[in-house]
Amino acid sequence: MSAFRPPHIPESEVTPKALYLKRRQIIGGAAGALALAASGEALAAPLTGKPTDYKVPDKLTPKKDVTTYNNFYEFGTDKSDPAANSGAFKPLPWSIEIGGLVAKPQKLSMDDIMKSFPMEQRIYRMRCVEAWSMVIPWIGFPLASLLDRVEPLGSAKYVAFETVVRPDQMPGQRGFFQPISWPYVDGLRMDEARNPLTLLATGLYDETLPNQNGAPIRLVVPWKYGFKGIKSIVKITLTEKEPPCTWNIIAPNEYGFYANVNPHVDHPRWSQATERRIGEDSGLFGGKRIDTLMFNGYADQVASMYTGMDLRKYF
Ligand code: MTE
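According to our numbering, the residues represented by the sequence shown are 212 to 526, in order.
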C-alpha cells in the first residue's frame, strides 16, 4: 500500500534532540549495558527506541491527546479517567509470565525485557472501534521476538494475553459497578501474533509508557480495532484453542475475536466507514471525517492472513 512507505519523518520531529542524542549514547556499547544493569527496574528504558521504516505520512496526534483520551476501564469508563485515576499505579517492578504450549516457559522482568530486545520506534495509525483514530509514535519490539525466545510447540495456534488485577491501585476494579469481569483478556491467532507489525510497546513519543497507556508493557496491533491492544500485560499463554476476549465476552454480537479494521462491516449500532482524527480540527460542527482504510491501511502487510475467510462472519 503506497500510504505505508511514506516520506521519512525525521526522528527529531518526534524526539527532542537532547534526548535523541542521549539515547544514542545509551545504546552504544558496554557502557550502555552497564548503565542499564546498574539502574535497576527504574530505568528510563524506551530511550533505546531506534527509528524504523514503519511510518505513515499522517500528522502525529499530539502527545497531550494520546495521553489524556484513553480507554482503560481498570481506571474508569470515561476517556479522561485513565489519566486522572492512574497516578497511584506502580508499573515497576514488573514481570510477565510466558507459558502454555511452549518448550521454554519463562518469567521475565522489565529489566530482562529491556536488555533482551532492542527497542524500535514505529509510527502507527491506530483506529478505535468507536470510530476515532490517532497516529502514535510507539517504542517497542516485535512480539515475534518474544515468542521465538519461548519456543512455541507445534500445537500452539493462539496467543492469549492477560492484564494485571490490582484493585488497590486500579479504582475501576473496586466498588459496586464492575463493567468487566477482571482480568481484561484478549488474544491473537499465532500468525497475527507473529506478523512483523505486531508490537509489544514499552513507550510512546519520548517516554516510557504512561500508566494510562498501559505501563509498563502493552500490545499494539495497528490493523485491528483499539480494544485488541491489551494494556499492562502480566501473562502470555500459548494455546490450542481460540482464547477469550473481554469485549467479545461482554457483547459477542458487537465485538468479534478478529476485530480487524474494516470499513465495509459496520458495528451493529454505527458505521465503520469513516473516522474522526483526535486532536485535529473536526470542523465547525465536528463533522469533518476521514475515510477508514481496509485493515487501517495495512492491507499489504496483513490481508493475506485472511484469504478465503468471510470477514462478515469473522468480524
Ligand atoms: N486494556 C485493558 N487492560 N483495559 C482496557 O479497558 N481498553 C482497550 C485497549 N486496551 C483497555 C485495554 C481499548 S477499548 C482501547 S481503544 C485501547 O486500549 C486504547 O489504548 P490507548 O489509551 O493507549 O489509546
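Ideal placement from N, C-alpha and C gives every residue a C-beta, glycine not left out.
Identify the continuous beta strand (DSSP E) that holds Asp397 and give its terminal residues. Walking along the sequence shown from the start, residue 397 turns up at place 186. Looking at the DSSP string, the run of the beta strand (DSSP E) that includes Asp397 is 396-400.
Would you call Val396 buried or exposed, if buried means 16 or more other Cβ atoms sit within 10 Å of its Cβ? As a position in the sequence shown, residue 396 is number 185, starting the count at 1. Classification of Val396: buried, given that the 10 Å Cβ count is 16 or more.
Around the ligand MTE, which residues pass a check of Cβ closer than 5 Å to any of its heavy atoms? Asn281, Asn282, Phe283, Tyr284, Cys339, Thr374, Tyr395, Asn424, Gly437, Phe438, Gly440, Ile441, Lys442
Might you give, ordered along the chain, the residues of its own chain that have their beta carbon closer than 6 Å to the beta carbon of Phe300, omitting 5 neighbours on each side? Against the sequence shown, residue 300 aligns to sequence position 89. Cβ within range, chain order: Gln380, Asn422.
Taking the CB atoms as reference points, tell me whether Asn473 and Leu522 lie closer together than 8 Å. On the sequence shown, position 262 is the one that residue 473 refers to. On the sequence shown, position 311 is the one that residue 522 refers to. Yes, these two residues count as a Cβ contact at 8 Å.
Where does Phe468 fall in DSSP's three states? Counted from its first residue, the sequence shown places residue 468 at position 257. Phe468 falls in the coil class under three-state DSSP.
On the DSSP bridge assignment, give the partners of Trp349 in chain order. Here residue 349 refers to the residue found at position 138 when the sequence shown is read from its first residue. Trp349 is bridged to Arg333, Leu415.
So for Lys233, helix, strand or coil by DSSP? Numbered from its first residue, the sequence shown carries residue 233 at position 22. Caution applies to Lys233, whose pLDDT of 41 falls short of 50 and renders its modelled position unreliable; the value that the coordinates give is listed next. Three-state result, Lys233: helix.
Under a three-way DSSP split, which group does Phe372 fall into? In the sequence shown, the residue the question calls residue 372 occupies position 161. Phe372 falls in the strand class under three-state DSSP.
For Leu319, report the span of its alpha helix (DSSP H) as first-last. Translated into the one-based positions of the sequence shown, residue 319 becomes position 108. Not the alpha helix (DSSP H): Leu319 falls in the beta strand (DSSP E), residues 317-320.
Let me know the secondary structure DSSP gives Tyr284 once reduced to three states. Working through the sequence shown from its first residue, we reach residue 284 at position 73. In the structure shown, Tyr284 sits in a helix (DSSP, three-state: H, G or I).
Could you compute how far the alpha carbon of Arg487 sits from the alpha carbon of Val340? Counting from 1 along the sequence shown, the entry for residue 487 is found at position 276. Counting from 1 along the sequence shown, the entry for residue 340 is found at position 129. Cα-Cα distance, rounded: 11 Å.
Cβ-Cβ separation, Phe328 to Lys442 (assumed contact under 8 Å), whole Å: By 1-based counting over the sequence shown, the position of residue 442 is 231. By 1-based counting over the sequence shown, the position of residue 328 is 117. About 19 Å; that fails the 8 Å criterion.
Local conformation of Asp379 per DSSP, three classes: The residue labelled residue 379 in the question sits at position 168 within the sequence shown. Note: Asp379 maps to coil in three-state DSSP.
Rounding to the nearest angstrom, what Cα-Cα distance links Ser356 and Tyr369 in this structure? Working through the sequence shown from its first residue, we reach residue 356 at position 145. Working through the sequence shown from its first residue, we reach residue 369 at position 158. Whole-angstrom Cα-Cα distance: 16 Å.
Quick test of your reading: Ile447 and Phe372, contact by CB under 8 Å. State the CB separation rounded to the nearest angstrom. As a first step, residue 447 is located in the sequence shown; it is residue number 236 there, counting from the start. As a first step, residue 372 is located in the sequence shown; it is residue number 161 there, counting from the start. Correct: roughly 6 Å between the Cβ atoms.
Are three or more beta carbon pairs between the segment 285-297 and the segment 314-321 nearer than 8 Å? no
Sequence-distant residues of the same chain with beta carbon closer than 7 Å to Ile501, five excluded per side: By 1-based counting over the sequence shown, the position of residue 501 is 290. Contacts found: Thr485, Glu486, Arg488.
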